[in-house]
Every structure is written in structure tokens, then in C-alpha cells.
Amino acid sequence: MPDLARHRLIPACVLGLALLYGMTAPASALASGAQDDAAPAAAVGASPGGPAPALTPTLAPAPAPAPKVSAVDGVLQLDDIAEVTVANLKEWAATHDPAKLVPFIDGRAIRGNYPEEVHPHEGRIYFHLKITPESKEHWTDLLGAPDSMRRPVRFSIGLEDHAPFETVHDKTNPLLMTVISPVFGATAALVASLTLILFIRLARSTSIIREPGAAPADGSPKAYNLGRTQMAFWFFLIYVSYLVIWLITDMLDTITPSLLGLMGISAGTALSEALIDSSKDSAHSERRWNLSAERRELEKTIADLKLERAGLDAGAAATPDEIAQRERLDGKIQAARARLTQATHRFSSLDSKKSARASRGFLRDVMADRDGYSFHRFQIFAWTIVLGIMFVSSVYNSLAMPEFSATLLGLMGLSSGTYIGFKFPERQE
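Residue numbers 2 to 430, in our numbering, belong to the letters of the sequence shown in order.
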């Protein structure tokens, strides 16, 4: 055989034997013999006499099963513990941090509400539902404007900036979230109702919000007082609103600075009104004392004149001078009696002025004085009603006491100041 043919045959035989060996060798031997899967031809070319490495496919690892919320135990309610069962939590926790999970309610993350306890091997996570600064707006949307004590919601958990886990509590199977605890709600409603009933009864039968002073002579009830009524109005709005906000959000520090200003305006109005009435009482007492002293002086004068007149009558025969003196004494006695009658009439009239106005109905009492309806009274009444409606709307929709601007408080203060200013010349009958 020629040398050229022999040199060509030997490498071919070697290559054939190498291929045959790769087909029959165990997988472990093939794997250990492979040096570079990306360049098998280079390996063969570098060592023509050695075995060629085999090409083996690389299989991707199977993906971990997706976690899914399968159950929620406990009460879904603010300031309560919710136990969430998650399928495949152990596998998910192998590559993620379960301590960063937060609840998702109606598709929105309750940011900052991280788990109290995490048990990946058992597939359970415990959340203490609470309002955080980051989640306050979302809780307001969830709990505001309640129409019942419970509300159906979609519930899941997940990382804050990622999509939530799959859940069994979706639109077709919502979870009931308690907005107001039935027990605490009923208790608070009972307390508020009893307080309101007691106040209404006192308002009708006592002078708690009526005009100061003595009752009218005919025995009718005294008129309602605008300043005291306004103060009672704001007290009950704030009182009931505070109870409602506490029941739903469990928050105690809900009184705002502007609300303190509003309460101060209403209290200042009632206090100023009381001071004005007190000053009028002082002037009335002084006039009454002066009239009483005048009556005593006239009674003493009449008694002295009668005594002198009786001495003249004791004589046997009256001289012309004595007769003239008797006539002068009679004239003085008559004049003193006339002055005493006038003083007594003024004294009685002054006592009648001291008595409070008789009630003519609630609206007429607060919007009218002794001279009739007055605009300054109507103005403060109207602004109180408007701000009261705004107050109730804010509490119902936002679960928070409203923040009145300084301008609005100034307007309310101006109305109250106008009312107080007109109280000074207000006539008493």
C-alpha cells in the first residue's frame, strides 16, 4: 500500500474508534471526558489520536410552584390578627424574604404592614392589621363612608412593589372585612343615644340651653339661648364623631387644632353673652335697690306727715292757721302717696323686665330677640349649620376630624362677634 494511502487511513480509523467509544461509553465517562462543549472540533484537532468529547444537552431547572393564598383565619379587621395560609410558601421563601410581605386588600398594598410572624414550613403568616403612615389613605378608602358593619373585599398578600399572590378570595369569592365591631358599635351607639336623650330631656325641662333669668310670670318656659345652643351643637357633633372614628380606626388622637379653635369660638360666644347678661343684671340690681330705697323713704315721709296731721286734729277748736296747716299736710300726704305709687309701679315693672323671654318655638327663639327677627342671629345660625354639614361629611367619608382653614374660622368668629356686639343694646321688656 502506498505511504500516502496508509497515512490517510490511520487517522480515519482512529476517528471511527473514538466515535464508537463515545456511543458505547457510560454517561459519567462521557461527561468527565468532555473539556469544552462549545469547541469539540478544536479538541479533536488538538489531539488527533485521542477520544473526542461527546455533546450532552443541558436541562433547565424546573420552576418553583407559584404561591397562592388558600385561606384566611381570624377576623379581617383593624387592630386584629389575621392568619393567612399560603400554598407553596416554603418554596417561594427559599429565594425571597417573606418578612417583606404585606396584605393586599382590593388590589392595593397595605404598605408598612409587615408580618408579625412567619412560618414558611407550615405555610402560615400572621398579620396584625393596623394603620401606618404609608397606608392611611388606603384604609380611609376602605373604611370610609360605611353603609354596613361589614364589607366584602378581595384579599391577598405580596411584596409591596410587585403583583400580589394568586388567591381564592378574588371577586368571585370575596372576604368579609369588619368595618365596625358589632359589640363595640352597639355599646357606643347605646352610650351616645342615652347621652343625647338625657340632653334633650334636660333641654326641654331645665335651663341648660335657655335664657338666664327668672321664669316668665305666666309660668311658660323660657326662650332658648342662641349662644348656649351653638355650644351644645358643636359638643354633640364632636362627641359622636370622636366615638365613630375611634370605633372604626381605633385612633384616639383625632382632635385637630382647628377644631379646638371652633370649640373656642362657640364657647367664647356663650361666655361673652353671659358676661353681657351679667352686666345687665348688675345695672338692674342697682336700679332696683334705688327704687326700693325711694319707696322706704316715701313710706317714712307719709308716716311722719300723718303723725303731724293727727296732732293737729287733737285740738278742741281749730284756728284758721291750723286749718291751713292741715290742708298743707293733706296735700303733702297726697303728693307723697302719688310718688309712692309711681315708685311701686316702676319697681314692679323692673321685676317684670328681669324675667326671661317666654319660649315661642325653638327656631323663633334662636333667630329673634324681643324686637323680632334679626339678621345677626340668622347669620350665626346659618353658618353653624353649614359648617356642621361639612363636619359630618368629612367624618363620614374620611374618618377624620375636618381641618377648617384660618379664613373659615375667622368668618365664624366674625359672625359670633357681630352677634355679641348686637347683644349690648338688645332691649329688655
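Glycine included, each C-beta is placed from N, C-alpha and C at the ideal position. These figures come from a predicted structure and were not determined experimentally.
Original post:
Which class does Tyr420 belong to by DSSP, given the choice of helix, strand or coil?
Top reply: helix
Original post:
Excluding sequence positions up to five away, which residues of its chain have a Cβ less than 7 Å from the Cβ of Ile210?
Top reply: Ala204, Tyr225, Asn226, Arg229, Thr230, Ala233
Original post:
Using the C-alpha atoms, what's the distance from Ser149 back to Ala187?
Top reply: 13 Å
Subject >> Euclidean distance between Cα positions of Asn89 and Pro66 >> reply: 6 Å
Subject >> Proximity to Leu292 [Cα-Cα], best of Trp384, Ala336, Thr342, Met252 >> reply: Thr342
Subject >> Cβ distance (whole Å) where Leu400 is taken to contact Thr141 below 8 Å >> reply: 6 Å
Original post:
Relative to the alpha-carbon of Lys137, which residue among Ala271, Met252, His97, Pro116 has its alpha-carbon at the smallest distance?
Top reply: Met252
Subject >> Identity of the residue in Val169, Ser221, Glu135, Asn398 nearest Ile246 by Cα >> reply: Asn398
Subject >> Which listed residue (Gln78, Tyr127, Ala216) has its alpha carbon closest to that of Val87 >> reply: Tyr127
Subject >> Host alpha helix (DSSP H) of Gly389 (start-end) >> reply: 376-399
Subject >> From Trp290, Lys69, Ile132, residue whose alpha carbon lies closest to that of Glu167 >> reply: Lys69
Subject >> Three or more C-beta pairs below 8 Å linking the stretch 267-278 and the stretch 294-305 >> reply: no
Original post:
Can you check whether the CB of Val154 is closer than 9 Å to the CB of Leu130?
Top reply: no
**OP:** Could you pull the start and end residues of the beta strand (DSSP E) that Met232 belongs to?
**Re:** From DSSP, Met232 is part of no beta strand (DSSP E) but of the alpha helix (DSSP H) over 227-250.
**OP:** Run the CB neighbour count on Lys101, radius 10 Å, all protein chains shown included, and call it buried at 16 or more, exposed below.
**Re:** exposed
Original post:
Where DSSP assigns a beta bridge to Met178, which residues make up the other side?
Top reply: Arg152
**OP:** Report yes if the CB atom of Ala359 is closer than 9 Å to the CB atom of Pro217, and no otherwise.
**Re:** yes
**OP:** Identify which residue in Ala95, Glu123, Leu77 has its Cα closest to the Cα of Phe156.
**Re:** Leu77
Subject >> Test item: CB-CB of Leu306 and Ile334 under 9 Å >> reply: yes
**OP:** Determine the contact status of Ser182 and Leu248, defining contact as a CB-CB distance below 9 Å.
**Re:** yes
Original post:
Out of curiosity, what's the CA-to-CA distance linking Glu123 and Asp107?
Top reply: 26 Å
Subject >> Residues near Lys223 by beta carbon distance below 8 Å, same chain, minus five either side >> reply: Ser208, Arg211, Glu212, Gly214, Ala216, Pro217, Ala357, Arg358, Ala359, Ser360
Subject >> Continuous alpha helix (DSSP H) stretch holding Lys91: start and end >> reply: 90-94
**OP:** Classify His97 as helix, strand or coil using the three-state DSSP reduction.
**Re:** coil
Subject >> Chain-order list of residues whose beta-carbon lies under 7 Å from that of Pro175 (same chain, five-residue window excluded) >> reply: Pro153, Val154, Arg155
Original post:
Between Leu79 and Leu144, what straight-line distance do the alpha-carbon atoms span, to the nearest angstrom?
Top reply: 10 Å
Original post:
Should the stretch 401-420 be regarded as contacting the stretch 374-392, the criterion being three or more beta carbon pairs within less than 8 Å?
Top reply: yes
Original post:
Looking at the structure shown, is Gly159 part of a helix, part of a strand, or coil, going by DSSP?
Top reply: strand
Original post:
Where DSSP assigns a beta bridge to Asp370, which residues make up the other side?
Top reply: Gly373
Original post:
Given that a residue counts as buried once 16 or more other Cβ atoms are within 10 Å of its Cβ, and exposed if not, what is Ile256?
Top reply: exposed
Original post:
Which first and last residues belong to the alpha helix (DSSP H) in which Val192 is found?
Top reply: 183-206
**OP:** Please list, in chain order, all residues of the same chain as Gly113 whose beta carbon is under 8 Å from its beta carbon, the five residues on each side excluded.
**Re:** Val103, Thr133, Pro134, Glu135, Ser136
Original post:
Hey, would you say Met368 sits closer than 9 Å to Phe382, going by beta carbons?
Top reply: yes
Original post:
Is Phe363 buried or exposed, if buried means 16 or more other CB atoms sit within 10 Å of its CB?
Top reply: exposed
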